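Right, one structure below, let's go through it.
Here it is, written out as structure tokens:
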């Protein structure tokens, strides 16, 4: 089984795990009370983004290989 096959299987299983989803929502909400999203930086610059979201964006960009990416920011 290839790595991509394992990833697809894992993602499908995660999508079916409603208990894990509920705990994840609780964790995000509870960690926000402690400013969790403000604890990270990228190349010396603060980022208000979860590291796993940054990696997910990198994977999307790598997969699509666009000619141009325009990031407008939110803060």
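Numbering (our numbering), first residue to last: 186 to 260.
Even glycine gets a Cβ: it sits at the ideal position worked out from N, Cα and C.
Predicted model, so just to flag it, every value in this text is computed and none were measured.
Query, Result
"Start-to-end residues for the beta strand (DSSP E) that takes in residue 232", "230-232"
"Within 8 angstroms, strictly: CB atoms of residue 234 and residue 248", "no"
"Extent of the continuous alpha helix (DSSP H) to which residue 216 belongs", "203-217"
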